[in-house]
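> Numbering (the working numbering), first residue to last: 14 to 71. What follows is a single structure, and I will ask about it in a moment.
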């Protein structure tokens, strides 16, 4: 059986707040970007992404 050790580095409150705010900004950008985009743009983006991963879709 293999064992592993994990070390953690405690983050200060300001580091955690900064990471949280950045995550909220990215999330808001994704939600509002998808919510306000034209549906054809979203479809084409999903279609191109699917092809770039190698999944056939038609």
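Glycine included, every Cβ here is placed at the ideal spot set by N, Cα and C.
Do you know how far the Cα of residue 29 is from the Cα of residue 46?
For this step, residue 46 is matched to residue 33 along the chain shown. For this step, residue 29 is matched to residue 16 along the chain shown. Their backbone Cα atoms lie some 25 angstroms apart in a straight line.
> Sorted by chain position, which residues of the same chain lie with C-beta nearer than 6 angstroms to residue 70's C-beta, five sequence neighbours on each side aside?
As a first step, residue 70 is located in the chain shown; it is residue number 57 there, counting from the start. Correct list, in chain order: 63.
> In three-state DSSP terms, what is residue 77?
No answer is possible for residue 77: the residues shown for the chain start at 14 and end at 71.
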